[in-house]
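Beneath this line is the structure, given in structure tokens, with notes to follow.
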Amino acid sequence: MSDNSNFEVNAERIYDNLELLEKGRVYELQKAPGVPKCATLANRIRDDVDVIVKELNEREGTEATDEERFNLLAKLLGGLYAEFSALSKKQPDALTNAFKTDQVNRVLSPLKKIMASEDSTQYLDLLLEAEDGQTNGKGRSSYSDAVIIMSQYKTACDEFRLKYFNKGWDHLW
Numbered sequence: 131m132s133d134n135s136n137f138e139v140n141a142e143r144i145y146d147n148l149e150l151l152e153k154g155r156v157y158e159l160q161k162a163p164g165v166p167k168c169a170t171l172a173n174r175i176r177d178d179v180d181v182i183v184k185e186l187n188e189r190e191g192t193e194a195t196d197e198e199r200f201n202l203l204a205k206l207l208g209g210l211y212a213e214f215s216a217l218s219k220k221q222p223d224a225l226t227n228a229f230k231t232d233q234v235n236r237v238l239s240p241l242k243k244i245m246a247s248e249d250s251t252q253y254l255d256l257l258l259e260a261e262d263g264q265t266n267g268k269g270r271s272s273y274s275d276a277v278i279i280m281s282q283y284k285t286a287c288d289e290f291r292l293k294y295f296n297k298g299w300d301h302l303w
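Numbering-wise, the working numbering puts 143 at position 13 of the sequence shown, and it's gapless, one number per residue.
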């Protein structure tokens with residue numbers, strides 16, 4: 131599916147055909163050979179409208195799927211944030227293990243992709259993963275680091291939801 135090009139082309143043809151109708155430049159009104167009849171113009175307009183409606187329906191389906199995925203990931207982020215907040219209060223400087231880091235990044239990474247066009251994306255980071263064979267913990271995120279990162283994602287998600295999916299809902303977390 132192309133971006134707006136089909137919409138623009140079809141809309142322009144609709145306007146052209148409507149102008150022919152409005153100015154009486156149709157065969158049945160002018161009796162001039164080679165000028166289209168009303169039925170021909172009506173069929174052209176119907177075809178152009180059908181193309182536009184089909185593309186709008188496809189976009190709506192894609193957007194609904196994106197919204198469902200976004201809402202699922204936002205809910206998962208809310209749960210992870212609550213868990214890490216509790217862990218951060220008990221041991222703020224304790225390092226996350228590889229499993230927890232992977233689980234959090236599995237949620238953060240697709241959220242970042244969904245919100246890629248937003249300005250806030252440049253400030254969104256993933257949790258640091260330990261380098262292979264590293265046992266001293268350098269390069270890993272602490273629980274408090276994870277909470278800060280997830281807090282930034284939550285704020286970005288709130289803004290994204292308001293901008294694109296606002297349906298009067300309260301926050302999901």
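All residues carry an ideal CB built from backbone N, CA and C; glycine is no exception.
Would the beta-carbon of residue i fall within 7 angstroms of that of residue j?
i, j, result
"Ala204", "Cys287", "yes"
"Ser239", "Tyr273", "no"
"Leu254", "Lys242", "yes"
"Leu206", "Asn235", "no"
"Glu185", "Asn136", "yes"
Could you confirm whether any beta carbon from chain B is found closer than 7 angstroms to the beta carbon of residue i?
i, result
"Ala260", "Absence of chain B from the displayed structure is noted, only one protein chain being present."
Based on the DSSP output, what are the partners of residue i in its beta bridges?
i, result
"Ser272", "Leu225"
Nearest CA to the CA of residue i: which residue from the options?
i, options, result
"Asp178", "Leu148, Gly209, Leu241, Leu256", "Leu148"
"Ala305", "Ile279, Lys153, Leu225", "Because the chain spans 131 through 303 in this model, residue 305 falls outside it and cannot be assessed."
"Asn173", "Leu257, Asp223, Ile144", "Ile144"
"Arg270", "Val277, Glu259, Ser247", "Glu259"
"Ala276", "Gln252, Ala224, Ser250", "Ala224"
State the Cα-Cα distance for the pair residue i and residue j, rounded to the nearest angstrom.
i, j, result
"Asp146", "Lys167", "14 angstroms"
"Ile182", "Ser281", "40 angstroms"
"Thr251", "Asp232", "20 angstroms"
"Met245", "Leu150", "44 angstroms"
| Which parts of the region 162 to 229 are runs of the alpha helix (DSSP H), unbroken and 4 residues or longer, counting only runs that do not cross its ends? | Listed in chain order, the alpha helix (DSSP H) runs fully inside the region 162 to 229 are 168 to 220, counting runs of at least 4 residues.
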